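Heads up, the sequence shown is in the working numbering, so the first residue is 16 and it goes up one at a time.
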Amino acid sequence: MRSLLILVAGILLLASCSDSRTISFPTSDGGVVYADEYGKGDRSVILAHGGRFTKESWVNQATILADAGYRVIAIDFRGRGNSVGPPSDTTNSDVHHDVRAAIDYARNSGASSVSIVGGSFGGWAAANAVIDIPGEVDKFVILASGVDEPERIDVENTLFVLSRDDFRGEGTPRLPEIREDFARIPGRKEMVLLNGNAHAQYLFDTEQSELLMSEILRFLQNPPPNFSVYEPGVISKTAVEEVSPSATDDGNTIVFATTEDWDHKYPFSATRLGSAWQVNTLRFVETLYNLSIFPDGQTIVFQVGAGDVETGISKVFLTSRINDDWSKPVEVESLSGIDAGYFSAPPDSALYFFAVVDGKEGIYFSEPDSNRQYAPATWFAENVSPVVRGSTSFDLLMHPAKDRLIISRYSEPEAIGEAGPPGIYYYEMENGEWLERRILNLPYGWGSTVLPDGLFLFTDGEDIWTASADELRIDW
16 MRSLLILVAG ILLLASCSDS RTISFPTSDG GVVYADEYGK GDRSVILAHG
66 GRFTKESWVN QATILADAGY RVIAIDFRGR GNSVGPPSDT TNSDVHHDVR
116 AAIDYARNSG ASSVSIVGGS FGGWAAANAV IDIPGEVDKF VILASGVDEP
166 ERIDVENTLF VLSRDDFRGE GTPRLPEIRE DFARIPGRKE MVLLNGNAHA
216 QYLFDTEQSE LLMSEILRFL QNPPPNFSVY EPGVISKTAV EEVSPSATDD
266 GNTIVFATTE DWDHKYPFSA TRLGSAWQVN TLRFVETLYN LSIFPDGQTI
316 VFQVGAGDVE TGISKVFLTS RINDDWSKPV EVESLSGIDA GYFSAPPDSA
366 LYFFAVVDGK EGIYFSEPDS NRQYAPATWF AENVSPVVRG STSFDLLMHP
416 AKDRLIISRY SEPEAIGEAG PPGIYYYEME NGEWLERRIL NLPYGWGSTV
466 LPDGLFLFTD GEDIWTASAD ELRIDW
């Protein structure tokens, strides 16, 4: 990451020295688009400017992309520079034809792949062009733009980038609307949130410029993160409907649950023995709602009866390792009676969890005293907890340093609510504030954990899957 930022910074200094060629090509509705073309090669990137910009606004970014081996086509939309629409388009509103013409030009002149970077207005226009010609664009970078029909976007991989505090002129935040569009776009996708309030291309005039450009380069140059079933055979395949893994800090023990129905989940452990895994049924409880193992592997916290708190049967227990077995569970009375999600236990044995307490839902934590008696659930950071309101359930994973946090939202995909779309979110602490950094480029999943070798584990309800934390851009 650091080396990529340095490379981007160095290329920025040379940007003004890059050569470009002015080209033009017709649109399907009778207009003409003028563009600046940079670089050579069979991988093309089309740059679609925002409403207050022209093709010249992309000089620095086009140079970086050209030096990275791309042929770059920075267009002027009709009504800008020498680009014009047909006489019938008196308001220059059919701008998607301009992006479509650039795609056709790239393909007809030998491009093996075509990607688009669209800023604000340009992202909106590009999205409409992508809808017009499905399957013709490989990757799509959307800078702070809404999309009219996101469910019709047909590309291999989509990246949304915007500032966390980007507001419209009337004071309306852009993020909630863009979250909705993100949720409805099919296929592989990710979202990156940057500090500040700069809108779209204006981000290149801020201290976020190098980071933004490195994210775009990384996205264009690499395939989506690969994910695969983790160690086939680890999980018992008897009626598996849902598995939610947690692991010890050495990665040699994983605990999870399998289920036949919502009310009957069965706990298992998998222990690595050389190159093989030994799977054992955990017998300290017959059925449960969730369980997590502590990093040192000596304690398991689990919950029974969740979802039925009105009857008072929801209870939390701890069990400790005794040689190769587990002790009789001890109830954590201070946490019983709450509807909690899966617990995350950093090395200091504090517990972090999503819960509904006295009708207030969000992230809570509980810390033990010297006698391992846990305090009542306490509301977590104000700027994280409100983000998860309106959801039916969350998992979370707290980093041992307590400065990074992964939240898995797995309520119904249609129910976006305040919490944002279903997915796996990555947060970092900065200056005492928790900041959402990205939504990971993974399919719908939950129950995440990170192993010492940098493997990120999650589940889709049938298998435990793994991906590289580095590829996901998780600093763990």
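Built from N, CA and C at the ideal position, the CB exists for glycine as well.
Everything numeric in this text was worked out from a predicted model, so none of it was measured.
In terms of residue numbering, what span does the beta strand (DSSP E) encompassing Y357 cover? Taking the first residue of the sequence shown as position 1, residue 357 is located at position 342. Where Y357 is concerned, there is no enclosing beta strand (DSSP E), given that its DSSP letter is neither H nor E.
In the DSSP assignment, the alpha helix (DSSP H) including W139 goes from what residue to what residue? Along the sequence shown, one-based indexing puts residue 139 at 124. W139 -> alpha helix (DSSP H) spans F136 to D147.
Between K417 and G84, what straight-line distance do the alpha-carbon atoms span, to the nearest angstrom? Residue numbering aside, residue 417 sits at position 402 when the sequence shown is read from its first letter. Residue numbering aside, residue 84 sits at position 69 when the sequence shown is read from its first letter. Approximately 40 Å between the Cα atoms of the pair.
Could you name the residues of the same chain whose beta carbon sits closer than 6 Å to that of A81, not counting the 5 residues immediately before and after it, in chain order? Start at 1 with the first residue of the sequence shown, and residue 81 comes out as number 66. Contacts found: Y53, G54 and V87.
L190 (DSSP reduced to helix, strand or coil): Along the sequence shown, one-based indexing puts residue 190 at 175. Residue state, collapsed to three classes: helix.
As a quick exercise: from P391, S351 and S178, pick the residue whose alpha carbon is nearest that of A365. Start at 1 with the first residue of the sequence shown, and residue 365 comes out as number 350. That would be P391, whose Cα lies nearest to the Cα of A365.
Enumerate in chain order the residues of its own chain whose CB-to-CB distance from P467 is below 8 Å, with the five nearest sequence positions on each side excluded. Position 452 of the sequence shown holds residue 467. Cβ neighbours of P467 beyond the five flanking positions: D264, D265 and G266.
With three or more beta-carbon pairs closer than 8 Å as the criterion, would you say the region 216-235 touches the region 156-166? yes
7 Å Cβ cutoff met for W449 and Y459: Residue numbering aside, residue 449 sits at position 434 when the sequence shown is read from its first letter. Residue numbering aside, residue 459 sits at position 444 when the sequence shown is read from its first letter. Cβ distance not < 7 Å, so W449 and Y459 don't count as in contact.
My output table needs one value for F317: the three-state DSSP class, helix, strand or coil. Start at 1 with the first residue of the sequence shown, and residue 317 comes out as number 302. Correct three-state label for F317: strand.
Hey, how far is the Cα of L28 from the Cα of R36? Along the sequence shown, one-based indexing puts residue 28 at 13. Along the sequence shown, one-based indexing puts residue 36 at 21. For L28, the predicted structure reports a pLDDT of 43, less than 50, and the residue's modelled location is therefore unreliable. A value from the coordinates is still provided. Whole-angstrom Cα-Cα distance: 20 Å.
Strand pairing of N172, partner residues [DSSP]: Translated into the one-based positions of the sequence shown, residue 172 becomes position 157. K154 and R203.
Look up N123 in the DSSP assignment and say whether it is helix, strand or coil. The sequence position of residue 123 within the sequence shown is 108, counting from 1. Looking at N123 - three-state DSSP - the assignment turns out to be helix.
Is it true that the CB of R167 sits closer than 7 Å to the CB of I146? Here residue 146 corresponds to residue number 131 of the sequence shown, with the count starting at 1. Here residue 167 corresponds to residue number 152 of the sequence shown, with the count starting at 1. In this structure, R167 lies closer than 7 Å to I146 by Cβ.
At which residue ranges does the region 223-307 contain complete beta strand (DSSP E) runs of 3 or more residues, listed in the order of the chain? 242-244, 268-276, 279-288 and 291-296
For F395, tell me which candidate among Y367, E171, H279 and A484 has the shortest Cα-Cα distance. Counted from its first residue, the sequence shown places residue 395 at position 380. Out of Y367, E171, H279 and A484, Y367 has the C-alpha closest to the C-alpha of F395.
Nearest to G65 by CA position, among I38, I489, R95 and P41, is which residue? Taking the sequence shown and counting its residues from 1, one reaches residue 65 at position 50. Of the candidates I38, I489, R95 and P41, the one whose C-alpha sits nearest the C-alpha of G65 is R95.
Is the distance from the Cβ of D153 to the Cβ of V129 below 7 Å? As a working mapping, residue 153 is identified with position 138 in the sequence shown. As a working mapping, residue 129 is identified with position 114 in the sequence shown. Yes, they are a contact pair.
Spatially closest choice to N123 from T69, F40, P149 and D51, by CA coordinates: Taking the first residue of the sequence shown as 1, we reach residue 123 at position 108. Minimum Cα distance to N123 is reached at F40.
Using a Cβ-Cβ cutoff of less than 8 Å, which residues in the same chain neighbour E451 once the five nearest sequence positions on both sides are dropped? As a working note, residue 451 is residue 436 in the sequence shown. R179, L208, V402, Y440, Y441 and Y442, listed in sequence order.
For I231, which residues from the same chain have a beta carbon less than 7 Å from its beta carbon, with the 5 sequence-adjacent residues on both sides left out? Reading the sequence shown from its first residue, position 216 is the one you call residue 231. Excluding positions up to five away in sequence, the list reads V132 and V156.
G337: which of T296, S349, G312 and N295 sits nearest, CA to CA? Counted from its first residue, the sequence shown places residue 337 at position 322. Gly is not the amino acid found at residue 337; the sequence shown has Ile there. Answer by Cα proximity: G312.
Going by C-alpha to C-alpha distance, which of V300, D163, I269 and L235 sits closest to A285? As a working mapping, residue 285 is identified with position 270 in the sequence shown. Cα-wise, what sits closest to A285 is I269.
Where Y217 sits in the DSSP three-state scheme: Taking the first residue of the sequence shown as position 1, residue 217 is located at position 202. Three-state result, Y217: helix.
Buried/exposed call for F182, threshold 16 Cβ in 10 Å: For this step, residue 182 is matched to residue 167 along the sequence shown. So F182 ends up on the exposed side.
Closest to S423 by C-alpha separation, out of G377, R387 and S385, would be which residue? Within the sequence shown, the letter at position 408 stands for residue 423. Nearest option by C-alpha distance: G377.
Rounded separation between T296 and I315 - CA only: In the sequence shown, residue 296 corresponds to position 281, counting from 1. In the sequence shown, residue 315 corresponds to position 300, counting from 1. Rounded to the nearest angstrom, the two C-alpha atoms are 14 Å apart.
G462 and F473: beta carbons closer than 7 Å? Numbered from its first residue, the sequence shown carries residue 462 at position 447. Numbered from its first residue, the sequence shown carries residue 473 at position 458. Yes, the pair counts as a contact, with Cβ atoms nearer than the cut-off.
Given this structure, state the Cα-to-Cα distance separating T69 from V170, to the nearest angstrom. Position 54 of the sequence shown, counted from the start, is the residue given in the question as residue 69. Position 155 of the sequence shown, counted from the start, is the residue given in the question as residue 170. Between T69 and V170, the C-alpha separation is close to 25 Å.
If you follow the beta strand (DSSP E) that V110 is in, where does it begin and where does it stop? Within the sequence shown, numbered from 1, the residue matching residue 110 stands at position 95. Note, V110: premise wrong, no beta strand (DSSP E); not H, not E.
From this set, F197, W480 and N212, which residue's C-alpha is nearest R184's C-alpha? On the sequence shown, position 169 is the one that residue 184 refers to. Residue identity differs from the one stated: residue 184 is Gly in this sequence, not Arg. Answer by Cα proximity: N212.
Helix, strand or coil for K55 per DSSP? For the purposes of this step, residue 55 is taken as residue 40 along the sequence shown, with counting starting at 1. In this structure, K55 counts as coil in the three-state DSSP scheme.
Reference T334; option with closest CA among R203, F309 and G374: Here the question's residue 334 lines up with position 319 in the sequence shown. Closest option to T334, Cα to Cα, is F309.
Use the C-beta contact count for H279: other C-beta atoms within 10 angstroms, 16 or more gives buried, fewer gives exposed. Position 264 of the sequence shown, counted from the first residue, corresponds to residue 279. So H279 ends up on the exposed side.
What residue range is occupied by the uninterrupted alpha helix (DSSP H) comprising L80? Locating residue 80 in the sequence shown gives position 65, counting from the first residue. L80 -> alpha helix (DSSP H) spans V74 to D82.
For D109, count the other beta carbons within 10 Å of its own beta carbon; 16 or more makes it buried, fewer makes it exposed. Which is it? Start at 1 with the first residue of the sequence shown, and residue 109 comes out as number 94. Label assigned to D109: buried.
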